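In this note's numbering, the protein residues as written are 5 to 78.
Quick look at the structure:
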């Protein structure tokens, strides 16, 4: 589903407001966002400009699973 997925940066590391920036490639389109406690905030271009809402739900579910998996191992 996702061709590439990377955590690009930990923002406000070791603070209560810690967030994680990520990037991904989906069907040849690059997207970036911030992940915090299961919530994804997308940067522009927003994925809804390139995909249907059902596809976005699947992508967000995959991102959440990958983030939880990666954050547990950190």
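Idealized CB from N, CA, C, for every residue including glycine. Computed from a predicted structure; not experimentally measured.
Quick one: give me the first and last residue of the alpha helix (DSSP H) that residue i is part of.
{"i": "residue 20", "result": "Counting along the chain, residue 20 falls outside any alpha helix (DSSP H), and DSSP gives it neither H nor E."}
{"i": "residue 70", "result": "57-76"}
Go ahead and label residue i buried or exposed: buried means 16 or more other beta carbons lie within 10 angstroms of its beta carbon, across all protein chains shown.
{"i": "residue 35", "result": "buried"}
{"i": "residue 63", "result": "buried"}
{"i": "residue 51", "result": "buried"}
Beta-carbon separation of residue i and residue j under 9 Å?
{"i": "residue 71", "j": "residue 24", "result": "yes"}
{"i": "residue 33", "j": "residue 54", "result": "yes"}
How is the beta strand (DSSP E) around residue i delimited, first residue to last?
{"i": "residue 54", "result": "Careful: residue 54 lies outside any beta strand (DSSP E) and carries neither H nor E."}
{"i": "residue 7", "result": "Segment: none, residue 7 is in no beta strand (DSSP E) and carries neither H nor E."}
{"i": "residue 45", "result": "43-46"}
{"i": "residue 31", "result": "Residue 31 -> no beta strand (DSSP E), and no H or E assigned at all."}
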